[in-house]
Structures are given as structure tokens and as C-alpha cells.
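**Student:** So that we are looking at the same thing, I have put the structure below in C-alpha cells.
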Amino acid sequence: MIFIQLVFICLSTWILQSHCLNVLFVVDGAAGHLTPVLELAKAMKNHNITFLTQQVARIYTDLNSYSSPRFRVIYANDTIDGFLREKYFEEQKIVTIANRSVLSALPEIVSLVGDIFSELLNKTIYVLMHERFDVIVAGQMVFGISLLCNKISTPCVIQDAVQPLGFLNLNSPNEFASLTTKEMSQFKYRIYNIAFIVHATTRIITELVPAVYTLFQSLPQIPGPFYDAFTLKNILSSRSKQLHLISLPSSFPMSVSPTPYKKYLGAFIDETPIDDDNSTLITWIKSKPISSIVYGAFGSTSLIFYERMYSLISGLAMFLLQTEDSFLLLAFQNANYDTYQAVLNNLPDKRYRQVLENEERVKIKQGFVKQKMILQQPTVKIFLSHCGMGSCIEGLYFRKPIVCMPFNMDQFYNSRSIENFKFGQSLFIPHSLLQTMQSLGDFTTYTFTSESVSDKLMAIWTNPTYEKAAEHISLEMKHAGGLKRAVEEIEFFVSLNGDLDRFMPLSNTLRFYQRYCLDLLFVVIILPLIIVKCVFLKCCKRQRKTKKD
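Read in order, the letters of the sequence shown are residues -20 to -1, 1 to 529 in mature numbering (1 follows the signal peptide of the UniProt record, and there is no 0).
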């Protein structure tokens, strides 16, 4: 009997291993990029995982705690000073993009990204030259993974928060032009959208070309099968078939409609509650009444200057005094904690200082916090956020209305979308169209008052409409399948050798002129008009000749 049981166990293990995939995950160490990819890697628990990232990721999560025979962690720079070097780059990134628009900081961003990702790509190439994988899964920001996959004929999967429509898409509001989807249905805004795109393109092209050239120079050229992977010729001629797993629905203007290669799956979040966390913070959160906490977090790259912090803290104190049943939890990173302390000490209103120093009502945390665990708690009612895409997705997934306080990059557009869809309120009020055109969407110097902070919070606190809207988008995300379906899609994609062309709709296989019936338009309308015109001209010529005779 024991022998039969041993045989059964061995057979079961062999069957599981025969269906087990070797998966390589590649992602940079930024918190917003790392978190969803790590959640996906953890969800593929029946497969062999190699997780390649930067050492700076250790700031946000304990990767070593996931190490097992089936989960291996590799760092792009595994030298002793690798962590310090990557931390320095992270600080440089904060200085580069803090309170700057994407377009104004684009040349510096491209140059910095080249330095950061060349190490990731070099390590990826090294791993691929020594090991074979069934599929490679990468974060959206890791440029060039699909080129490497093409070289070794390996299926490629990209995890995207959104699938951007492209800077030159004329039928969607340009994210820097500060337009909404409703406005894009009006002719004057459509004209403005085109004018903005043309103006922005001509302004940045001269600055971007040298930066892109520098980026290409930094891409790896390692002797071996991948030597020419990043040549300009290969980049332009390569036609890769990537499976994109998208978290935001196509109703958001920054996301595209699903196709066989672009799957909307909702948020990549493991909802399993962590009941064994008895930290002081979680104990404090759980001790509060249901829907009573305003939780604020401002990302890993945001810098809150003194004047803005003063307006924010004064507004929060004002709100706490107006609502005696409310509580406040704030998480500050980088220099923001010191700025908060300076503002707190200089508040002229004694009542504000008293309420903010009341540890029963206000909790201030310095450094990184487990945001998913906090947003899971039913005691949290409102999420005060910088509106990074990852934070927006997490907040909406857990049905939390958002008060938006954007700083840079795509955060302004995200805040406009949040407000447009009634998922929350925004402290950012866009400039006039003319000012937006002149500044190329640089909104980083916007201001707000303490009264506006209090008013926005009060509007969400007293109006259940926002919570209902957040609940609806949460249900939509969860219905899309999330992590479970993502694993199934990857397994299916690998089983078909990374080729989903057979499922492609006919309209997607047509050429541009065929899709928009330009060939038929020519035959049915333009060609007959040409013939009629020729006949008409010939008749006129004949009549003139008859008159002369």
C-alpha cells in the first residue's frame, strides 16, 4: 500500500513538472512598475519563476521572502555597491522629474532611462545565453524585450497598466492637452487637439533627437546571438507578436480596445487578506470605525514643496475639525516628511496643530508602507493620491474614491480622468486652452488653497455618488479576471507558440486603405468623377471646335 502511494506521488509530481513552464520576469525596481509584475509572478505558483529586477526594489518589498526552489530572484547589478548605485539613480530620477512635465523633462528622462535599463537588458541577455525559457514576461517600461524574444523565438508578454494610444492619435485627447473624452466630441476641441499635437511635436523634436541617439548608444551590443538585436535596422524591421495584459478598461481614453494580442484583465492584485500583520499601523487602522479614515500617499518620486505642503496640511486640519468622526493617515517619503514637520511647527492656528498632533486621530508614517493592505481595510473611506497609474488602479480596485493631487508625468491626465468619470475630485484645475498650448501641458506649478482641500474632501465624504462610481469600476475590474485569468492567458499563449493570428478579426488584418475603404472610394466615387470630368472636357473641346468651323 505504501509502495502504491509513493508511485502515485511520483507520478503526480512528474505530471505537474511536465506541464510546468520556465518563466522569466523582467521589470525595473520602481514601486509602481514592480508591484503588478511581482503579483503576477507570485500567481504563477505552479511554474518555475526567474524574477529579474533591480536591487532598489528591496526598498519596496522583501524579495528574498519569496525565494524557493520554484522562485528565483536575480538582480541586474548584483555587485556589492549595486544597491547604492541604483539608489543614486533613483534619487537622480526624482530630481529630474519632480514637479516637471513629461515634455519638458523628456530629453533627461530618455537619457536616464538608457542608463537604468541598459543594466537590465545586459543581465537579461546574460541569462538568456545560459538558460532557456518558455515565455518572457516584462514590465511596460522595459524597452527591447520583444526584440530579444524574436531572436530566440520565445513568446513575449508585456504587463501594461494601459496600452497608450500614441502621441499622434487624433481621435483621442492628447494626454498633455488637458482635454476630456466629452470635449473630443466637439469640433473646436478636435481642431485644438490637432493643433496641440503639431505644436508639441515641432517643439520637442529638436531636443529629443540627441537624447534618443544617446539612448541607442547605451543599448547593449554583446557578442553572440543578440549582438544586432538593438540595431536601428532590426528595431525598424522587427514585427514582434507580444501579448499585452492591460489593467485599465478601454473606456479610459488612454487605453485601447481589446484584440487577441491585447487583453483587458483588470488589476493585478492578490486580494488575500494578511491577518497575521499585527503592526502598530494596521492595529491603529483596524481600531477605527468603518469608512472613517482619509489615507494619503504621494508616490516614490514626488516632492511636495513648502507652500504646497502648507495648503495641503492646513486643508486637512480644517477638514478634521469640521468632521469629528474622521481620521487621517499620511505616508511621506523622501524629503516630504521633513517638509511636513516644518509646516506643522509653523502653523499659526493652534487648533490645527492640536488636531494634527492628536495621535488618536492622525497617524503619520515615514517611508514606504504596504498600500494594498491599507486600501483593503473597510475603515479607509477616501484615498488622497498623487494619481500615479498604479495607485489609481489600486484605489479604484478597492472601491476608494480618490482626491487627486498630481505632481508630474501622466498624473495630471489621470486626475482629469478620475474627475471626469466621477471617481473622485482633483485639486488640479487645468489652465485655459491657450495657456496649455503655450506651456505644452506643463501644469506642475499649479496651486490650490487649503479651502479647496477641505471642500474636495467634504464633497466626497458627504456624497455617496463617488463611492458608487468607484464600486462600479471595481466590479468591472474584478469581472475581467485579474491574476487568475492572466495566468491562463499566458499558458494559452505559450501553448500556441506565441501566435494568436488565427483569432485576429478581419478588420485588423486589412491594410490601412482597405480598412477605411479608400480603394472602394476611389473606384466608386473618384474614378467615375474623373471619367465624367474627362468626358465633359472632351465635349467642351468638341463644341469649341464646331463653333470655329
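Virtual Cβ for every residue (Gly too), placed ideally from N, Cα, C.
Can you list, in chain order, the residues of its chain with a C-beta nearer than 7 angstroms to that of Q(-4)? Leave out the 5 residues immediately preceding and following it.
**Tutor:** Legend: pLDDT at Q(-4) = 47, less than 50; position of this residue unreliable, value from coordinates given subsequently. Closer than 7 angstroms at the Cβ level, and outside the excluded window around Q(-4), lies no residue.
**Student:** Determine the burial state of R495: buried for a count of at least 16 other Cβ atoms within 10 Å of its Cβ, exposed for fewer.
**Tutor:** So R495 ends up on the exposed side.
**Student:** In chain order, which alpha helix (DSSP H) runs of at least 4 residues are fully inside the region 296 to 329?
**Tutor:** Listed in chain order, the complete alpha helix (DSSP H) runs (minimum 4 residues) inside the region 296 to 329 are 316 to 326.
**Student:** Leaving aside the five residues before and after V342 along the sequence, list all residues of the same chain whose C-beta is less than 6 angstroms from its C-beta, in chain order.
**Tutor:** Answer for V342: L308, L336, listed in chain order.
**Student:** Mapping DSSP to helix, strand and coil, what is N44?
**Tutor:** In the structure shown, N44 sits in a helix (DSSP, three-state: H, G or I).
**Student:** Taking the alpha carbon of K380 as the point to measure from, which residue in S430, Q391, R333, H452 has its own alpha carbon closest?
**Tutor:** It is H452.
**Student:** Note down, in chain order, each residue of its chain lying with its Cβ closer than 6 angstroms to the Cβ of K513, except the 5 sequence neighbours on either side.
**Tutor:** Excluding sequence neighbours, K513 sits near nothing in its chain.
**Student:** By the three-class DSSP mapping on this structure, what secondary structure does K268 have?
**Tutor:** Three-state DSSP puts K268 in coil, outside helix and strand.
**Student:** Mind checking who G276 pairs with in its DSSP beta bridge?
**Tutor:** DSSP lists L310, L364 as partners of G276.
**Student:** Taking the C-alpha atoms as reference points, what is the distance between E339 and S432?
**Tutor:** Between E339 and S432, the C-alpha separation is close to 25 angstroms.
**Student:** Is there contact between the region 44 to 55 and the region 358 to 368, where contact requires at least three CB pairs shorter than 8 angstroms?
**Tutor:** No, because fewer than three Cβ pairs between the region 44 to 55 and the region 358 to 368 fall closer than 8 angstroms, the two stretches do not touch.
**Student:** Which whole runs of the alpha helix (DSSP H) in the region 98 to 183 are 4 residues long or more, in chain order?
**Tutor:** 125 to 132, all fully within the region 98 to 183.
**Student:** What's the gap between the Cα of A23 and the Cα of G246?
**Tutor:** Approximately 15 angstroms between the Cα atoms of the pair.
**Student:** Starting from Q346 and walking both ways along the alpha helix (DSSP H), at which residues does that stretch end?
**Tutor:** Here Q346 belongs to no alpha helix (DSSP H); instead the beta strand (DSSP E) covers 342 to 346.
**Student:** Only counting the same chain, and skipping five residues up and downstream in sequence, which positions put a Cβ closer than 6 angstroms to that of S126?
**Tutor:** Result list for S126: C136, S220, Q222, in chain order.
**Student:** Have a look at P410, F97, V117 and flag the residue whose alpha-carbon is nearest the alpha-carbon of T30.
**Tutor:** That would be V117, whose Cα lies nearest to the Cα of T30.
**Student:** Is it the case that the Cβ atoms of A277 and Q391 are separated by a distance below 8 angstroms?
**Tutor:** No, these two residues do not count as a Cβ contact at 8 angstroms.
**Student:** Going by alpha carbons, who is nearest to P240 out of F492, P386, D479?
**Tutor:** Looking at the Cα atoms, D479 is the closest of the given residues.
**Student:** To the nearest angstrom, how far is the alpha carbon of L486 from that of M457?
**Tutor:** Straight-line Cα distance between these residues: approximately 28 angstroms.
**Student:** Beta strand (DSSP E) containing L486: first to last residue?
**Tutor:** L486 -> not in any beta strand (DSSP E); alpha helix (DSSP H) instead, spanning 486 to 489.
**Student:** Closest by CA to S397, which one among T134, Y207, G368?
**Tutor:** Closest option to S397, Cα to Cα, is G368.
**Student:** Going by DSSP in three states, T(-8) sits in which element: helix, strand or coil?
**Tutor:** The predicted position of T(-8) is uncertain, since its pLDDT is 44 and thus under 50; a value taken from the coordinates is nonetheless stated next. In this structure, T(-8) counts as helix in the three-state DSSP scheme.
**Student:** Within 10 angstroms of the Cβ of I178, are there 16 or more other Cβ atoms? Answer buried if so, exposed if not.
**Tutor:** The sequence shown places Val at residue 178, rather than the Ile named in the question. Under this definition V178 is an exposed residue.
**Student:** For L292, count neighbouring Cβ atoms within 10 angstroms of its own Cβ and tell me buried if that reaches 16, exposed if not.
**Tutor:** Burial call: buried.
**Student:** Assuming the contact rule is C-beta atoms closer than 8 angstroms, Y275 and I354 should be a hit. Round their C-beta distance to whole Å, please.
**Tutor:** Contact flag correct, Cβ pair sits at about 6 angstroms.
**Student:** What's the call for A315, buried or exposed, on a 16-neighbour Cβ count within 10 Å?
**Tutor:** A315 should be labelled exposed.
**Student:** Is DSSP giving S432 helix, strand or coil here?
**Tutor:** Reduced to three states, the DSSP call for S432 is helix.
**Student:** What did DSSP end up calling R219 once you bin it into helix, strand or coil?
**Tutor:** Three-state result, R219: coil.
**Student:** Compare the Cα-Cα distances from H224 to each of E469, L300, L324, C519 and report the closest residue.
**Tutor:** Residue E469 is the option with its Cα nearest to H224.
**Student:** Taking DSSP as the reference, what is the three-state secondary structure of L225?
**Tutor:** L225 falls in the strand class under three-state DSSP.
**Student:** So, are the CB atoms of D114 and L18 less than 8 angstroms apart?
**Tutor:** Not a contact, by the Cβ cut-off of 8 angstroms.
**Student:** Please state if the CB of I373 and the CB of F403 are separated by a distance shorter than 8 angstroms.
**Tutor:** No, Cβ-Cβ distance for F403 and I373 is not below 8 angstroms.
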